[in-house]
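Novice:
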Amino acid sequence: MSSPRLPEGGRGGSIRALLLGVRLSVAGGRSGWLRLALIAAGVGLGVGMLLVLAGVPTATAAREHRRFDREPGPAVEQPETPPGEAARADPPAGPGTLLALTVETRFRDEMVRGRILRADGDRAPAPPGLTRVPAAGELFVSPALAELITGPGGAVLAERWNARVAGTIAPDGLSGPDEMWFYAGSSTLTVHDGATRIASFGSDREPTTDAMIVVLAVIGAAVMLMPVLVFVTTAVRFGSESRERQLAAIRLVGADAAMTRLIAAGDTLVGAVLGLAVGGAVFLGLRQVAGLLVPADFSPYPADLRPAPLLLALILLAVPAGSVLVTLAALRRVVIEPLGVVRRGSVRRRRLWWRLVPPGIGVALLYPLIGGLPEEVGDGTRAQLAAGAILLLTGVVVLLPWLVQALVRRLGAGSVGWQLGVRRLQLDSDTAVRSVSGVAVSVAGIIAVQGLLGASIAATGGAQPPDDRFQMVAHTNGADGAGWRAALTGTPGVVAVETSGYGYLRDGAEDQSGASVRVGDCEILRQYARLPSCADGDVFAAVMPGWDNTIENPGDTFYGADDTVALSRWTAPAGLPEVTLYPGDAGPMSYLATPGALGIRPDLRGLTVDGYLIRLDPADPDAVERVRNTMTRLAPAAPLQLFGDDRIGDQFAGARQVAQGCGVLLLLFIGASMLVNVTEQLRERRRMLAVLAAFGTRRRTLSASVLYQVAVPGAAGLLLAVLTGSGLSAVLLAATRAPVVIDWPAITLMAATVAGMILAVTGAGLPLLFRLSRVSELRSE
């Protein structure tokens with residue numbers, strides 16, 4: 000093959016120099032192809048993750064769009080009543096209206112949601128995903144729910160709606176492929192059951208998102224984005240040593256320094272462009288399995304996970320441009336001469352002042368949010384939150400090099416391995432810091448996310464009622480509970496059913512304010528609050544976090560279901576023991592009282608019964624599901640609470656699963672990035688390692704030096720990450736009005752995980768270390 004001519008100067012020469020770099024990259028023989036393949040694979044993995052992140056907004060928008068399309072439309076309005084006529088109790092039915100009732104239930108660990116429909120005429124609108132309104136006794140289910148019904152134990156679930164499965168719901172009626180959703184037809188549904196009469200589907204209301212969810216999404220995106228960028232910048236430096244030797248050979252035939260930089264840029268550009276193609280293939284594969292890493296409520300259809308056009312264009316332009324800039328920046332630290340490559344040995348003293356600017360701006364942006372996010376989190380607030388969090392995390396990247404340099408400058412004597420590792424860091428810590436910066440950013444972000452998740456789970460969970468006496472409770476939620484006790488008692492697997500009721504203390508029949516009083520025996524009251532001790536005749540003052548139960552004058556007359564008939568006279572004494580109510584579907588009450596304290600009948604006659612507490616047969620595993628079947632027939636919208644269930648109130652369990660899946664991906668990317676950097680350091684030091692081995696240095700000493708080179712920057716980065724992550728977590732908790740509590744056990748676990756990863760990376764680099772430390776590596780051509 001003829002040798003390539005060196006391009007001349009000028010703009011045309013610059014283009015030809017770039018093209019020469021491209022030609023040398025693809026015609027570099029087996030070693031060149033291997034380096035090109037490594038760069039393309041590394042960049043491709045990073046680009047694939049970037050494309051997945053860029054597709055999240057589109058997938059989220061598509062899921063929410065389908066959810067809003069299936070929401071019941073505006074309720075049919077009551078027409079004006081002509082003078083002299085009585086007003087209608089219900090909105091008028093017509094040929095194009097139907098009744099819709101949204102319900103949810105659970106089958107074992109799966110949450111199942113859906114709607115019960117009753118058409119008023121033959122032109123009633125069909126919900127999205129169906130071609131017609133289900134007739135009475137028909138059930139249309141999502142594919143995931145159909146699989147659950149036909150799976151092991153699904154026969155109990157099939158009995159819940161007393162209907163036959165008539166078909167499946169099309170994708171345009173589901174938020175995602177794994178959603179458990181159904182439509183059931185009814186002939187008995189009325190507005191008194193809580194149903195709404197509508198004439199169309201589709202909601203025009205603006206979507207509202209919980210502030211905690213917004214914060215988690217923003218911080219999670221930042222945590223995923225920055226380590227991926229670090230990995231991409233590391234991947235483009237694969238085989239940098241062989242490229243530098245190639246550039247030295249080009250200098251030998253007459254190229255100047257500027258031309259070698261252009262040739263290197265062209266060489267890198269090929270790997271980056273191939274990486275974009277590989278990244279596209281990785282993205283197409285990842286979006287097929289993305290639903291396996293997230294809960295069913297978040298799983299997207301593969302077609303929905305497509306990058307937003309603006310973000311796609313940004314990735315296609317930024318990755319090649321960034322790769323070239325990284326290569327040119329790396330060449331600033333070496334002098335490529337015709338006879339070889341010389342690395343600059345001077346140690347630059349890093350300045351601190353400009354490194355404080357990004358985190359300072361981040362703190363300035365986040366500080367106004369400490370008082371709490373607004374109820375409606377707009378685009379401006381989201382941008383402020385995202386910019387503040389990203390700048391604060393960027394501060395970890397820019398502060399870490401200064402911190403490592405300041406730390407190693409003060410490290411003193413030690414073992415031979417310690418001195419070798421520390422001295423290497425004192426001469427050049429950039430390579431080690433590059434990999435550790437990805438670890439530090441990830442740990443800081445994960446600490447912030449874990450703090451938010453821990454606070455949200457604690458706030459929505461809290462202590463749960465005991466499940467030794469009763470296992471479930473059915474709340475009437477304002478519905479008529481007539482016949483409930485008999486129906487529940489007759490359900491297979493139910494041992495006993497007890498009731499709880501409430502009334503009000505008022506000054507008289509005309510007083511409609513008063514204080515609410517929950518009434519039941521001691522076994523019943525223990526399911527509503529943790530009692531210090533209890534006997535018939537006891538009364539407790541009830542409190543609940545976030546609920547103001549201050550009542551200036553509770554009155555001395557006790558009324559039940561009939562506001563005009565007093566059941567007894569009782570005055571709340573001062574100094575009552577105070578108990579905290581358990582979270583649940585029952586409304587908060589000012590007092591908990593036994594019947595003997597109020598002087599009323601033990602069977603609670605005259606009270607408003609709102610709770611049916613159920614004791615189940617522990618030997619019957621399907622007893623819970625049969626009770627759910629019974630309640631679906633009695634009142635499908637009535638809340639049914641399972642005692643001792645850790646999932647009660649845990650609204651962020653899905654977000655925790657997403658965070659865990661992202662954490663696994665982060666560890667893989669970070670570990671791969673660190674391994675590449677360790678390999679690069681070892682290849683740069685191959686001659687020095689061979690010299691040390693020739694003089695009798697033990698392998699144990701060399702291995703320890705490599706460990707110290709990774710562990711010292713890792714410890715500094717971990718310290719900076721813990722401080723930054725804890726501070727960011729505290730700010731975000733204050734912004735969401737949650738208690739500011741640092742999750743130290745989670746931080747300790749994260750630190751131990753990072754330490755284990757550092758050891759694993761060091762161990763993975765030892766085979767290369769032993770090979771490079773052989774005397775044969777001293778051979779030179």
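Just so we're aligned: 141 in numbering that gives the first Met the number 0 is position 142 of the sequence shown, and the numbers increase by one with no gaps anywhere. The C-beta atom is built at its ideal place from N, Cα and C for all residues, glycine as well.
1. Would you mind giving the Cβ-Cβ distance between F200 and R69, rounded to the nearest angstrom? I have them listed as a contact below 8 Å.
2. Counting only runs of 3+ residues fully inside the segment 289 to 333, write out the beta strand (DSSP E) ranges in chain order.
3. Assuming T593 and G500 form a contact by the criterion Cβ under 8 Å, report the distance between their Cβ atoms to the nearest whole angstrom.
4. Can you give me the C-alpha to C-alpha distance between R244 and I262, rounded to a whole angstrom?
5. Taking C-beta to C-beta, are F769 and R698 nearer than 8 Å?
6. Can the beta-carbon of A596 be found closer than 8 Å to that of D520?
7. Quick one: residues in its chain with C-beta nearer than 8 Å to the C-beta of R525, no 5 flanking neighbours on either side, listed in chain order?
8. Taking DSSP as the reference, what is the three-state secondary structure of A447?
9. Compute the distance between the beta-carbons of A99 and T195, then report whether it is under 8 Å.
10. With DSSP run on the structure shown, which of helix, strand or coil describes G724?
11. Considering only DSSP beta bridges, list what I613 is partnered with.
12. Quick check on T104: does DSSP put it in helix, strand or coil?
13. With a CB to CB cut of under 7 Å and the five nearest residues on each side skipped, what residues in its chain are close to I115?
14. Does the contact criterion of 3 or more C-beta pairs under 8 Å hold for the segment 298 to 316 versus the segment 51 to 70?
15. Measuring CB to CB, does G284 end up less than 8 Å from R736?
16. Please report the distance separating the alpha-carbon of A729 from that of R349.
17. Buried or exposed: which applies to V395, given that a residue is buried once 16 or more other Cβ atoms fall within 10 Å of its Cβ?
18. Nearest to A165 by alpha carbon, out of G175, T130 and E624?
19. Enumerate in chain order the residues of its own chain whose CB-to-CB distance from A692 is below 6 Å, with the five nearest sequence positions on each side excluded.
20. Assign V111 to one of three DSSP states: helix, strand, or coil.
21. Would Y611 be called buried (16 or more neighbouring beta carbons within 10 Å of its own) or exposed?
22. Would you report the Cα separation of I746 and S515, rounded to the nearest angstrom?
23. Does Q650 come out as helix, strand or coil in the three-state DSSP assignment?
24. CB G136 to CB R163, shorter than 8 Å?
25. Say whether the segment 411 to 430 touches the segment 703 to 713, bearing in mind that this needs 3 or more beta-carbon pairs closer than 8 Å, one atom from each stretch.
26. Which value, in whole angstroms, describes the spacing of the CA atoms of T232 and V46?
27. Is it right to say H474 is buried, meaning 16 or more other beta carbons lie within 10 angstroms of its own, or is it exposed?
28. Going straight from the alpha carbon of Q650 to that of M110, what length do you get?
29. For L173, which residues of its own chain have a beta-carbon under 8 Å away from its beta-carbon, when the five flanking residues on both sides are left out?
30. Return the Cβ separation of A264 and L316 in integer angstroms, given the expectation that the two are a contact with Cβ distance under 8 Å.
31. Report the CB separation of L504 from F557 in whole angstroms; it is logged as a contact under 8 Å.
32. Assuming M749 and I445 are in contact, meaning their beta carbons sit under 8 Å apart, how far apart are those beta carbons, in whole angstroms?
33. Exposed or buried, I647, counting other C-beta atoms within 10 Å across all chains shown (16 or more means buried)?
34. So what does I523 bridge to, in DSSP terms?
35. Can you look up G762 in the DSSP assignment and give me helix, strand or coil?
36. Could you tell me the alpha carbon to alpha carbon distance between L487 and T629, rounded to whole angstroms?
Specialist: Let me lay it out:
1. Cβ atoms of F200 and R69 come within 8 Å of each other, at about 6 Å.
2. The qualifying runs do not exist here; there are none.
3. With 8 Å as the limit, T593 and G500 do not qualify as a contact, their Cβ atoms being about 12 Å apart.
4. Computed Cα separation, rounded: 13 Å.
5. Yes, Cβ-Cβ distance for F769 and R698 is below 8 Å.
6. The answer is no: Cβ separation not under 8 Å.
7. Same-chain partners within the cutoff: P464, P465, R468 and C533.
8. In the structure shown, A447 sits in a helix (DSSP, three-state: H, G or I).
9. In this structure, T195 lies closer than 8 Å to A99 by Cβ.
10. Reduced to three states, the DSSP call for G724 is helix.
11. Paired residue(s): M471 and V496.
12. DSSP places T104 in the strand class (E or B) of the three-state scheme.
13. Around I115: L100, V102, A183, S185, L188 and P635.
14. Enough Cβ pairs lie closer than 8 Å, so yes.
15. No. Outside cutoff.
16. About 30 Å.
17. Its Cβ being crowded by 16 or more others within 10 Å, V395 is buried.
18. Ranking the options by Cα distance to A165, first place goes to T130.
19. Non-local C-beta neighbours of A692 in its own chain, meaning closer than 6 Å and more than five positions away in sequence, comprise S772, ordered along the chain.
20. If DSSP states are grouped into helix, strand and coil, V111 belongs with the strands.
21. Note on Y611: 16 or more other CB atoms within 10 angstroms of its CB, so buried under the neighbour-count rule.
22. Their backbone Cα atoms lie some 44 Å apart in a straight line.
23. Reliability of the predicted coordinates at Q650 is poor, the pLDDT of 49 falling under 50, and the value obtained from them is presented with this limitation in mind. Under the three-state reduction of DSSP output, Q650 falls in the coil class, being neither helix nor strand.
24. Closer than 8 Å, so yes.
25. Because the criterion of three Cβ pairs below 8 Å is met, the segment 411 to 430 and the segment 703 to 713 touch.
26. When rounded, the distance between both Cα atoms is 11 Å.
27. Under a 10 Å Cβ-count criterion, H474 is classified as buried, with 16 or more other Cβ atoms of the shown protein chains found around its own Cβ.
28. Here the model assigns Q650 a pLDDT of 49, short of 50, so the residue's position is not dependable and the matter cannot be decided.
29. Around L173: R65, G128, S141 and W180.
30. Rounded, the Cβ-Cβ distance is 15 Å, inconsistent with contact.
31. That pair is a contact at about 6 Å.
32. The pair is a contact, with the Cβ atoms about 6 Å apart (cut-off 8 Å).
33. Residue confidence is low: I647 scores 45 on pLDDT, short of 50, so the model does not pin down where it sits. No coordinate-derived value is stated.
34. Bridge partners of I523 according to DSSP: none are assigned.
35. DSSP places G762 in helix when its eight states are reduced to three.
36. Going by the C-alpha atoms only, they are around 7 Å apart.
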